[in-house]
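J.: Residue numbers (our numbering): 17 to 335.
Note that CB positions come from ideal geometry on N, CA and C, so glycine has one too.
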Ligand code: HEC
Ligand code: HEC
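Next comes the structure, spelled out in structure tokens:
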């Protein structure tokens with residue numbers, strides 16, 4: 017008996033030691049690095065693509081990368097929940113030393129698809145990845161980043177490196193891994209295929225589903241529809257003052273979702289943040305004025321087809 021206890025004691029001591037070593041490893045290793053297998057890509061673009069890339073960046077990238085001076089020079093991400101540490105979005109102006117000027121087209125595509133930066137480090141979860149974006153849209157963004165748009169004028173300034181917390185580093189080791197680089201071409205469904213196009217808009221081009229499902233921790237990036245509680249809201253996120261705002265249930269449920277809304281109400285909410293002609297939606301739901309009515313209408317059509325989930329988001333505020 018004594019011997020058994022002794023062995024057990026030693027095993028526990030060993031386990032504690034291993035855990036401590038693992039923790040120290042994660043602490044000093046920080047966010048992991050990976051091999052960069054950037055594709056051999058040279059984007060050729062016309063002015064339509066550049067304009068489309070700018071529109072996409074306005075809807076998706078500027079939110080994080082645009083500083084208050086209107087330049088895409090990066091900024092402190094104030095609303096990152098404190099448990100993840102501190103982060104600054106990168107300078108993505110054309111600057112050849114501090115901005116995207118130092119990236120090749122292939123390296124940019126590789127980063128946006130997989131999350132691996134040109135130096136091999138992994139962009140933490142607060143820089144989104146775009147595995148479902150069509151090649152056309154991806155190339156449009158890259159073409160835009162190369163363009164002479166005034167907000168991309170070179171700024172010779174590096175943002176401070178992120179200071180991920182232990183939790184963030186831990187998650188980057190075990191949960192948030194780089195995504196695979198697509199093995200074939202990715203095409204967006206045609207606008208005429210309204211439901212499929214709406215799905216592409218809300219899960220591939222502009223990510224509505226990850227904010228609008230219950231938790232970032234259970235987001236299924238590769239197969240969005242398999243995300244638990246898909247589009248049923250309740251994901252709590254800080255506004256600029258740190259007050260928690262819960263995302264809304266966008267499933268067609270009649271009482272807790274948008275089942276009794278009209279399409280017109282939906283389009284006004286998404287594009288302008290309005291209800292009944294008045295500003296109504298709070299940060300971090302930033303409206304999408306650059307989205308067209310046709311695109312917002314397609315998202316509406318798609319949302320009518322997903323399973324209705326009864327999830328009362330208002331109840332979360334009463335807890
Ligand atoms: C939710 C906020 C957010 C959004 C949206 C976002 N980014 Fe980022 N991005 C970040 C943060 C934060 C970093 C810094 C990551 C780090 O600490 O390594 C980053 C890093 C980058 C880098 C790496 C630059 C370098 O220094 O190596 C590039 C390039 C980039 N983003 C481009 C984009 C583009 C293009 C889009 C839109 C298609 C976009 N980002 C959308 C937050 C965001
Ligand atoms: C950064 C996270 C985030 C993203 C991305 C996001 N939303 Fe939201 N959304 C929110 C939050 C938070 C609210 C709740 C705002 C409030 O309560 O004032 C909200 C509210 C809404 C509402 C109001 C619903 C109601 O019941 O009042 C609609 C409609 C909506 N979002 C649609 C969308 C669509 C469509 C997209 C993608 C094009 C999208 N959202 C992207 C965070 C997000």
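Residue 197 and residue 126 look like a contact to me (Cβ under 8 Å); what is the Cβ gap, rounded to whole Å?
T.: Along the chain shown, read from residue 1 onward, the residue named residue 197 stands at position 181. Along the chain shown, read from residue 1 onward, the residue named residue 126 stands at position 110. That pair is a contact at about 6 Å.
J.: Does residue 315 come out as helix, strand or coil in the three-state DSSP assignment?
T.: The residue you call residue 315 lines up with position 299 of the chain shown. In the three-state reduction of the DSSP assignment, residue 315 falls in the helix class, which pools H, G and I.
J.: Under 9 Å, do residue 147 and residue 187 count as touching if we go by C-beta distance?
T.: Here residue 147 corresponds to residue number 131 of the chain shown, with the count starting at 1. Here residue 187 corresponds to residue number 171 of the chain shown, with the count starting at 1. Contact flag unset, no.
J.: What are the complete alpha helix (DSSP H) segments, minimum 4 residues, inside the segment 83–140?
T.: 121–130
J.: Please classify residue 246: does DSSP put it in a helix, a strand, or coil?
T.: Along the chain shown, read from residue 1 onward, the residue named residue 246 stands at position 230. Residue 246: coil per DSSP, three-state reduction.
J.: DSSP has residue 262 in a bridge; who is on the other side?
T.: Mapped onto the chain shown, residue 262 falls at position 246. Residue 262 pairs with 252.
J.: Any idea what DSSP makes of residue 179, helix, strand or coil?
T.: Within the chain shown, the letter at position 163 stands for residue 179. In the structure shown, residue 179 sits in a strand (DSSP, three-state: E or B).
J.: Taking 8 Å as the cut-off, does the CB of residue 93 come closer than this to any heavy atom belonging to ligand 2?
T.: Along the chain shown, read from residue 1 onward, the residue named residue 93 stands at position 77. Outside the cutoff, so no.
J.: Can a CB atom of chain C be found closer than 9 Å to the CB of residue 224?
T.: The question asks about chain C, but that chain is absent: this structure has only one protein chain.
J.: Give the range of the alpha helix (DSSP H) segment to which residue 238 is assigned.
T.: As a first step, residue 238 is located in the chain shown; it is residue number 222 there, counting from the start. Taken as a continuous stretch (DSSP letters only), residue 238 belongs to no alpha helix (DSSP H), as it is neither H nor E.
J.: Whether or not the segment 319–333 and the segment 263–276 are in contact is what I'm after, with contact meaning three or more pairs of Cβ atoms, one per stretch, closer than 8 Å; do they touch?
T.: yes
J.: Give the DSSP-derived three-state secondary structure of residue 198 in the structure shown.
T.: If you number the chain shown from 1, residue 198 lands on position 182. Looking at residue 198 - three-state DSSP - the assignment turns out to be coil, as it is neither helix nor strand.
J.: For residue 133 and residue 116, what's the separation of their Cα atoms in angstroms?
T.: Within the chain shown, numbered from 1, the residue matching residue 133 stands at position 117. Within the chain shown, numbered from 1, the residue matching residue 116 stands at position 100. Straight-line Cα distance between these residues: approximately 11 Å.
J.: For residue 287, does the three-state DSSP call read helix, strand or coil?
T.: Residue numbering aside, residue 287 sits at position 271 when the chain shown is read from its first letter. Note: residue 287 maps to helix in three-state DSSP.
J.: Indicate, with yes or no, if ligand 2 has a heavy atom lying under 8 Å from the CB of residue 224.
T.: As a first step, residue 224 must be located in the chain shown, where it is residue number 208. Residue 224: yes, Cβ under 8 Å from ligand 2.
J.: Taking DSSP as the reference, what is the three-state secondary structure of residue 295?
T.: The residue labelled residue 295 in the question sits at position 279 within the chain shown. Strand, per DSSP.
J.: Secondary structure at residue 74, three-state DSSP: helix, strand or coil?
T.: As a working note, residue 74 is residue 58 in the chain shown. Here residue 74 sits in helix by DSSP.
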